[in-house]
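J.:
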């Protein structure tokens, strides 16, 4: 299996139980992919730009306002 396929499978498995809506699931997958990328500054704007988002709103919403269980993520990882 390729790196991309493995990463997609991992983020799908982890995000499935954490988020009820597809938007935060996708934002989570995009954020993980961006964090693993060769981006010199790992802030929400730089990461969003790397992924191709016009703004950092998706990442900022995920990290600040979205409802999800941080402890469940920690336990899974």
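Numbering (my numbering), first residue to last: -4 to 72. We put the beta carbon where it would ideally sit given N, CA and C, even for glycine.
Can you give me the start and stop residues for the alpha helix (DSSP H) that residue 69 sits inside?
T.: Where residue 69 is concerned, the enclosing alpha helix (DSSP H) stretches over 65 to 71.
J.: Can you name the start and end residues of the alpha helix (DSSP H) that residue 23 belongs to?
T.: Residues 17 to 31.
J.: Of all the options 60, 27, 11, 56, which has the alpha carbon lying nearest to the alpha carbon of residue 45?
T.: Residue 45 has its Cα closest to that of 27, out of 60, 27, 11, 56.
J.: Applying the 10 Å Cβ sphere with the 16-neighbour rule, what's the burial state of residue 39?
T.: Buried: at least 16 other Cβ atoms inside 10 Å.
J.: Nearest-angstrom Cα distance between residue 12 and residue 68?
T.: Their backbone Cα atoms lie some 9 Å apart in a straight line.
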